[in-house]
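Asks: Sharing a structure, written as structure tokens. Questions coming.
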Amino acid sequence: MTNEALPATPCMVVIPCLNEAAHIEALIDRLTPSVERLGMKIVVADGGSTDGTQAIVQKIAASNPRVTLLDNPKKIQSAAINLAVERFGDEFASFIRIDAHGDYPADYCDRLIEDADETGADSVVVSMATRGFGAFQKATAIAQNSKLGNGGSPHRQGAKGHWTDHGHHAFMRVKAFRAVGGYDETFSHNEDAELDYRLGAAGCRLWMTDKTFMVYYPRASVPALFRQYLGYGRGRAKNILKHRAMPKIRQMIPLMVFPVVAGTSLAFLSWAAVIPAVLWAAACLGYGVWMALSQRNPYGPLAGFSAMVMHLAWSAGFWLQLLDFRRKEAPAS
Numbered sequence: 007m008t009n010e011a012l013p014a015t016p017c018m019v020v021i022p023c024l025n026e027a028a029h030i031e032a033l034i035d036r037l038t039p040s041v042e043r044l045g046m047k048i049v050v051a052d053g054g055s056t057d058g059t060q061a062i063v064q065k066i067a068a069s070n071p072r073v074t075l076l077d078n079p080k081k082i083q084s085a086a087i088n089l090a091v092e093r094f095g096d097e098f099a100s101f102i103r104i105d106a107h108g109d110y111p112a113d114y115c116d117r118l119i120e121d122a123d124e125t126g127a128d129s130v131v132v133s134m135a136t137r138g139f140g141a142f143q144k145a146t147a148i149a150q151n152s153k154l155g156n157g158g159s160p161h162r163q164g165a166k167g168h169w170t171d172h173g174h175h176a177f178m179r180v181k182a183f184r185a186v187g188g189y190d191e192t193f194s195h196n197e198d199a200e201l202d203y204r205l206g207a208a209g210c211r212l213w214m215t216d217k218t219f220m221v222y223y224p225r226a227s228v229p230a231l232f233r234q235y236l237g238y239g240r241g242r243a244k245n246i247l248k249h250r251a252m253p254k255i256r257q258m259i260p261l262m263v264f265p266v267v268a269g270t271s272l273a274f275l276s277w278a279a280v281i282p283a284v285l286w287a288a289a290c291l292g293y294g295v296w297m298a299l300s301q302r303n304p305y306g307p308l309a310g311f312s313a314m315v316m317h318l319a320w321s322a323g324f325w326l327q328l329l330d331f332r333r334k335e336a337p338a339s
């Protein structure tokens, strides 16, 4: 069977990816029954994979006309979605964003479309259930599922269906997406929250569904986790600077971590300089021990350490972005 023209359908699935050879085929296989059942199309927007991802998708597309490979020269996810909507948005009333390194219930697309139809929402967002395999990944998942790691974020914890201002992106109407200009491609991280801000400002409505969720697999090493949260911190600061918005309380608390840790360099002047950092570390590790005891989870103490990595990286990224902004804004001498 060869790729042939498909009739216009109400929704498409967009999968931004880069070097996902280990996951992409299984993901497409998992989505295919619902895609066929709902008459949708899968667009894999690849950012220049070098691990064979493109060949895998091309092979699938050769026998499945509902799968299309799209080249994403800008590589980042925001550009991938924008390109897919630009290329195919006239054929579809909506799209569902799928992360290549995640997992989804078999009826994920069904439930999203169902809730969108019932609520009339411009965007339906989901909560994330974070899971891991190795010791560090399992510990990080525990941290990210707890208030210690997510600050009580509803799209991390899960909640009953409600109107919200932000969540993990899933379903979105093309009309609303285009009306606000799509994703800002200067954002490599936090592009979802930035778009949600503009959607809200334009009067669009976001619904947090409780009918489905996605499974997220965290980074499996300390360096990878640190780099990820460094990018998240930069993205959050960039978002706040762009819209002149105040960070939420749950975001302001970890902002102090980097200054507190940096302040330990003054210990040669006074031992008191290390007290704030020691208190923060004790709080994180103590929370981890509490989780181990209360939940009978042996990974609790390591989860406290994972939370420390996330806090420090996020805070450092935020402050580094502010410093970069100040340097760019400073008048030339």
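Here the working numbering is used: the first residue of the sequence shown is 7, the next is one more, and so on. The beta-carbon is built from N, C-alpha and C at its ideal position, and this holds for glycine as well.
1. In chain order, what residues of the same chain have a beta carbon less than 7 Å from the beta carbon of A176, not counting five sequence neighbours either side?
2. Whole angstroms is fine: what's the gap from W169's alpha carbon to D121's?
3. According to DSSP, simplified to helix, strand and coil, what is F219?
4. Can you tell me the Cα-Cα spacing of R333 and F324, whole angstroms?
5. Please state whether DSSP places M252 in a helix, a strand or coil.
6. Looking at the unbroken alpha helix (DSSP H) that takes in K47, where does it start and where does it end?
7. Going by C-alpha to C-alpha distance, which of Y222, A268 and D198 sits closest to L212?
8. Which residues in the same chain have their Cβ closer than 6 Å to the Cβ of R128, if we skip the five residues on either side of it in sequence?
9. Considering only the alpha carbon of each residue, which of A61, D116, D109 and A145 lies closest to V295?
10. Report the three-state DSSP secondary structure of I21 (helix, strand or coil).
11. On a Cα-Cα basis, can you pick out the residue from M214, G269, S84 and R36 that is closest to T173?
12. Are there three or more Cβ pairs, one per stretch, closer than 8 Å when the stretch 83-97 is compared with the stretch 54-71?
13. Rounding to the nearest angstrom, what Cα-Cα distance links Y222 and V280 in this structure?
14. At the level of alpha carbons, what is the spacing between M316 and G155?
15. In chain order, what are the residue ranges of uninterrupted beta strand (DSSP E) at least 3 long that sit wholly in the stretch 96-154?
16. Alpha carbons only, please: which of D216, K217 and R184 is nearest the one belonging to L201?
17. Anyone know if the C-beta pair for M220 and G58 falls short of 8 Å?
18. Run through the DSSP bridge pairs and tell me what F177 is partnered with.
19. Are the CB atoms of R204 and V186 nearer to each other than 8 Å?
20. Going by beta carbon distance, what residues of the same chain come within less than 7 Å of R250, once the five residues before and after it are set aside?
21. In three-state DSSP terms, what is L76?
22. Within the chosen definition, does the stretch 47-54 reach the stretch 71-81 through at least 3 CB pairs nearer than 8 Å?
23. Quick check on L37: does DSSP put it in helix, strand or coil?
Replies: This is what the structure gives:
1. I102, R103, L118, V130, V131 and V132
2. 12 Å
3. strand
4. 15 Å
5. coil
6. Run containing K47: none in the alpha helix (DSSP H); it sits in the beta strand (DSSP E), K47 to D52.
7. D198
8. A small correction: the amino acid at residue 128 is Asp; Arg does not occupy that position in the sequence shown. The residues are R179, A182, C210 and R211.
9. A145
10. strand
11. Checking the displayed sequence, the identity of residue 173 turns out to be Gly instead of Thr. Per the Cα distances, M214.
12. no
13. 35 Å
14. 7 Å
15. 100-103 and 129-136
16. R184
17. no
18. I102 and V130
19. yes
20. none
21. strand
22. yes
23. helix
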